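Notes follow once the structure below has been shown.
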Amino acid sequence: MASFASEVKNEIARLMYENACDRTAEMAALLRMGAAITFGAGHTFGVNFTTENAAVARKVISLLREEGAGVHTEIATRRARRLKKNNNYLVRIAPQPRVAALLEHLGLMHEGRVNLGQERKGLAILRKNCCRAAYLRGAFLGGGSVNRPEASYHLELVTPSYAFADLLHTLMRRLDFPAGITDRRDVYVVYLKEGDAIADFLGMMQADKAVEAFEVARNLKEVRGQVNRLVNCETANLQKAVDAAGRQLADIRCLADAVGIRELPPLLRETAEARIAHPEAALSELAALLCVSKPGLQHRLQKLHALACSYRAEEELGGAGEKARGASGAASVDRG
Ligand SMILES: [Zn+2]
163 MASFASEVKN EIARLMYENA CDRTAEMAAL LRMGAAITFG AGHTFGVNFT TENAAVARKV
223 ISLLREEGAG VHTEIATRRA RRLKKNNNYL VRIAPQPRVA ALLEHLGLMH EGRVNLGQER
283 KGLAILRKNC CRAAYLRGAF LGGGSVNRPE ASYHLELVTP SYAFADLLHT LMRRLDFPAG
343 ITDRRDVYVV YLKEGDAIAD FLGMMQADKA VEAFEVARNL KEVRGQVNRL VNCETANLQK
403 AVDAAGRQLA DIRCLADAVG IRELPPLLRE TAEARIAHPE AALSELAALL CVSKPGLQHR
463 LQKLHALACS YRAEEELGGA GEKARGASGA ASVDRG
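Position 248, counted from 1, in the sequence shown is what my numbering calls 410; the numbers after and before it change by one each time, with no gaps.
See the structure below:
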C-alpha cells in the first residue's frame, strides 16, 4: 500500500501553477531539497536530482522544460536491490553552460557561487505569499512526509541543511502555521503536529483529495471518540449497578447469618429472596419482578441495609446472641 505521503505527492505533482513566479518558487525549493550541484569542465555546472517518487521526477522534468531555457535533461531509474526499499529516480542535467543562469534564477547560485548552504535574506522569489506557498509545496515534494490521517497527526519537511530548515520554519510561521523545528540524527526536521494545521497545509498545497481523506478520517476519529465515551459511561453505570447489588447481597448475607432470611418480615424476606435469585438484575428489573415501584423497592432495600447495619454494630460490640435493637430504628423482626 502506498504511503499517504506518496499519495499526496502523486496528487500535487500533477498540478502546475498558473503564475510563472509560483512555478519558479516551487522548482527552487524542490531542487534545494533533493538536488546536488555537479561541476564540469570549463567552469560549468550540472544538477543531479534524486527522488523515490516517479511523479515528482516527472514534475521536475516538466518544470525544467518551462524554466530551464533549453537545458538538456535525462532520467535514470535505480531499481531497489532490497524488497522494502523504493526505486530511486535520478533526473540529471549534465554540466553545461546554461545551468548557471538557471541556478541564479532559482536562487541556488549567487554571483557565480553555489548557494546551497545559506539562503540570502529576502530571496527575490519569496516576496509574495503565493510564492511562499509554492515554495513550501516544492519543499514537501522534495523532502516532505505526512502521516496517514488515521494515525497520529504529523507532517514534516526534512533537510540536512540547518539554514534551509530555518528558512522553511520562518516561511511556515509567516503563513501562520504553528511549525516546530528539531534535529534527528544528521538532518533537521520542520514539523506540524496539529490536525487543523496539517489539513490547512494540505489545502495550501492544493492537495484537495488528501484534504478530503483527512477530514473523513478526522470525523471518524471524533465519532469513535464519542462512541468510546458513551460505552465508558454505560460501563460505569453497569459497574455502579453491580456494586450496589453487591452491597445489597452483603446486607442480606449478614441478615441471613444473624437471624435467617425466613425470620425477616414478609416484604423484606420476599425482597431478599428475589435479590439472591437475581444477583445481576438492575433495580428496575428487580422492582418489576416484585411488582413494586422502584422507589418502593429502594425503600425496602434501605430497610434491609439499616437492619444489617444494626446487626453489624452489635457484632462489633461483642453482643453476639443478644439481638438488642440498634438506635437506627431498624425494622423489628418478629421472632415469634
Ligand atoms: Zn507567486
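All C-beta atoms in this analysis are idealised placements derived from N, C-alpha and C, irrespective of residue type, glycine included.
For clarity, every value in this text was computed on a predicted model and none was experimentally measured.
message: For ligand 1, is there any heavy atom lying closer than 7 Å to the beta carbon of Lys-290?
response: Against the sequence shown, residue 290 aligns to sequence position 128. The answer is yes for Lys-290.
task: Evaluate Arg-276 with the Cβ neighbour count: other Cβ atoms within 10 Å of its Cβ, from every protein chain shown; 16 or more gives buried, anything less gives exposed.
output: For the purposes of this step, residue 276 is identified with residue 114 of the sequence shown, where counting begins at 1. The sequence shown places Val at residue 276, rather than the Arg named in the question. Flag for Val-276 reads exposed.
message: Can you determine whether any heavy atom of ligand 1 sits closer than 7 Å to the C-beta of Ala-286, and answer yes or no?
response: Mapped onto the sequence shown, residue 286 falls at position 124. No, the Cβ of Ala-286 stays beyond 7 Å of every heavy atom of ligand 1.
task: Please check the pair Leu-337 and Asn-291, which I expect to be a contact at CB under 8 Å, by giving their CB distance rounded to whole angstroms.
output: Position 175 of the sequence shown, counting from 1, holds the residue named residue 337. Position 129 of the sequence shown, counting from 1, holds the residue named residue 291. Contact flag correct, Cβ pair sits at about 7 Å.
- prompt: Any chance the CB of Ala-191 is under 7 Å from a heavy atom of ligand 1?
  reply: Sequence index remark: in the sequence shown, residue 191 carries index 29 (1-based). No, the beta carbon of Ala-191 sits no closer than 7 Å to any heavy atom of ligand 1.
- prompt: What's the C-alpha gap between Tyr-251 and Lys-221?
  reply: The residue labelled residue 251 in the question sits at position 89 within the sequence shown. The residue labelled residue 221 in the question sits at position 59 within the sequence shown. Each residue's alpha carbon lies about 12 Å from the other.
message: What I want to know is whether the C-beta of Ala-187 ends up closer than 7 Å to one or more non-hydrogen atoms of ligand 1.
response: For the purposes of this step, residue 187 is taken as residue 25 along the sequence shown, with counting starting at 1. Checking every heavy atom of ligand 1 against the Cβ of Ala-187, one is found closer than 7 Å.
- prompt: Going by beta carbon distance, what residues of the same chain come within less than 7 Å of Asn-210, once the five residues before and after it are set aside?
  reply: As a working mapping, residue 210 is identified with position 48 in the sequence shown. Excluding sequence neighbours, Asn-210 sits near Ala-197, Ala-198, Thr-200, Leu-252 and Arg-254.
query: DSSP beta-bridge partners for Val-378?
result: The residue labelled residue 378 in the question sits at position 216 within the sequence shown. Per DSSP, none; premise fails for Val-378.
message: Less than 7 Å separating the Cβ of Ala-296 from some heavy atom of ligand 1?
response: Within the sequence shown, numbered from 1, the residue matching residue 296 stands at position 134. Ala-296: yes, Cβ under 7 Å from ligand 1.
Exposure of Ile-168, with buried meaning 16 or more beta-carbon neighbours within 10 Å: Translated into the one-based positions of the sequence shown, residue 168 becomes position 6. Residue identity differs from the one stated: residue 168 is Ser in this sequence, not Ile. Classification for Ser-168: buried.
- request: Using 7 Å as the cut-off, classify the Cβ of Asn-249 as near or not near the heavy atoms of ligand 1, replying yes or no.
  value: Your numbering for residue 249 matches position 87 in the sequence shown. For ligand 1, not one heavy atom lies less than 7 Å from the Cβ of Asn-249.
- prompt: Do you know how far the Cα of Glu-442 is from the Cα of Glu-476?
  reply: Taking the sequence shown and counting its residues from 1, the one referred to as residue 476 is at position 314. Taking the sequence shown and counting its residues from 1, the one referred to as residue 442 is at position 280. Looking at the two C-alpha atoms, the distance is approximately 30 Å.
- request: Sort Leu-264, Pro-259 and Leu-177 by Cα distance to Leu-193 and report the nearest one.
  value: If you number the sequence shown from 1, residue 193 lands on position 31. The residue with the shortest Cα to Cα distance from Leu-193 is Leu-264.
- request: State the Cα-Cα distance for the pair Ala-492 and Ala-420, rounded to the nearest angstrom.
  value: Counted from its first residue, the sequence shown places residue 492 at position 330. Counted from its first residue, the sequence shown places residue 420 at position 258. Residue placement at Ala-492 is poorly supported in this model, since its pLDDT is 45, which falls under 50; the coordinates still yield a value, given next. Each residue's Cα considered, the two are about 14 Å apart.
query: Just to confirm, does Asp-184 get its C-beta within under 7 Å of one of the non-hydrogen atoms of ligand 1?
result: Stepping through the sequence shown from its first residue, residue 184 is reached at position 22. Yes, the beta carbon of Asp-184 sits closer than 7 Å to at least one heavy atom of ligand 1.
field: Nearest-angstrom Cα separation, counted from Thr-212 out to Glu-384
entry: Taking the first residue of the sequence shown as position 1, residue 384 is located at position 222. Taking the first residue of the sequence shown as position 1, residue 212 is located at position 50. Their Cα atoms are separated by approximately 39 Å.
query: CB of Asn-210 to nearest heavy atom of ligand 1: below 7 Å?
result: Residue numbering aside, residue 210 sits at position 48 when the sequence shown is read from its first letter. Not under cutoff, so the answer is no.
- prompt: Given that a residue counts as buried once 16 or more other Cβ atoms are within 10 Å of its Cβ, and exposed if not, what is Gln-460?
  reply: Residue numbering aside, residue 460 sits at position 298 when the sequence shown is read from its first letter. Classification of Gln-460: exposed, given that the 10 Å Cβ count is below 16.
- prompt: Would the C-beta of Asn-399 count as close to ligand 1, meaning under 7 Å from any of its heavy atoms?
  reply: Indexing the sequence shown from 1 puts residue 399 at position 237. It does not: the Cβ of Asn-399 is nowhere closer than 7 Å to a heavy atom of ligand 1.
message: The alpha helix (DSSP H) that contains Arg-185, what's its start and end?
response: Against the sequence shown, residue 185 aligns to sequence position 23. That run of the alpha helix (DSSP H) goes 182-196.
task: Using the DSSP secondary-structure output, state which residues sit across from Phe-326 in a beta bridge.
output: In the sequence shown, the residue the question calls residue 326 occupies position 164. Answer is none; Phe-326 lacks a bridge partner.
- prompt: So what's Tyr-353 in DSSP terms, helix, strand or just coil?
  reply: As a position in the sequence shown, residue 353 is number 191, starting the count at 1. Strand, per DSSP.
task: Please list, in chain order, all residues of the same chain as Val-261 whose beta carbon is under 8 Å from its beta carbon, the five residues on each side excluded.
output: Taking the first residue of the sequence shown as 1, we reach residue 261 at position 99. For Val-261, where only same-chain residues beyond five positions count, the Cβ hits under 8 Å are Thr-206, Phe-207, Gly-208, Val-209, Val-233 and Ile-255.
query: Among Asn-249, Ala-398 and Met-189, which residue has its Cα nearest to the Cα of Glu-228?
result: Here residue 228 corresponds to residue number 66 of the sequence shown, with the count starting at 1. Ranking the options by Cα distance to Glu-228, first place goes to Met-189.
- prompt: Given 8 Å as the limit, is there contact between the stretch 372-380 and the stretch 301-318, that is, 3 or more CB pairs closer than that?
  reply: yes
query: So, Ala-361 versus Glu-377, is the Cβ gap smaller than 8 Å?
result: For the purposes of this step, residue 361 is identified with residue 199 of the sequence shown, where counting begins at 1. For the purposes of this step, residue 377 is identified with residue 215 of the sequence shown, where counting begins at 1. Yes, they are a contact pair.
C-alpha gap between Ser-455 and Ala-449, whole angstroms: In the sequence shown, the residue the question calls residue 455 occupies position 293. In the sequence shown, the residue the question calls residue 449 occupies position 287. Each residue's alpha carbon lies about 6 Å from the other.
message: Shorter than 7 Å, the distance from the beta carbon of Asn-215 to the closest heavy atom of ligand 1, or not?
response: Counted from its first residue, the sequence shown places residue 215 at position 53. For ligand 1, not one heavy atom lies less than 7 Å from the Cβ of Asn-215.
query: Which residue comes first and which comes last in the alpha helix (DSSP H) that contains Phe-302?
result: The sequence position of residue 302 within the sequence shown is 140, counting from 1. Unbroken alpha helix (DSSP H) run through Phe-302: 291-305.
message: Restricting to Cα atoms, I'd like to know which of Ala-444, Asp-328 and Ile-438 is closest to Gln-401.
response: For the purposes of this step, residue 401 is identified with residue 239 of the sequence shown, where counting begins at 1. Ranking the options by Cα distance to Gln-401, first place goes to Ala-444.
DSSP-derived helix/strand/coil call for Leu-417: What you label residue 417 is simply residue 255 of the sequence shown in a count that begins at 1. Here Leu-417 sits in helix by DSSP.
- request: Note the first and the last residue of the continuous beta strand (DSSP E) segment covering Val-320.
  value: The residue labelled residue 320 in the question sits at position 158 within the sequence shown. From DSSP, the beta strand (DSSP E) with Val-320 extends over 317-321.
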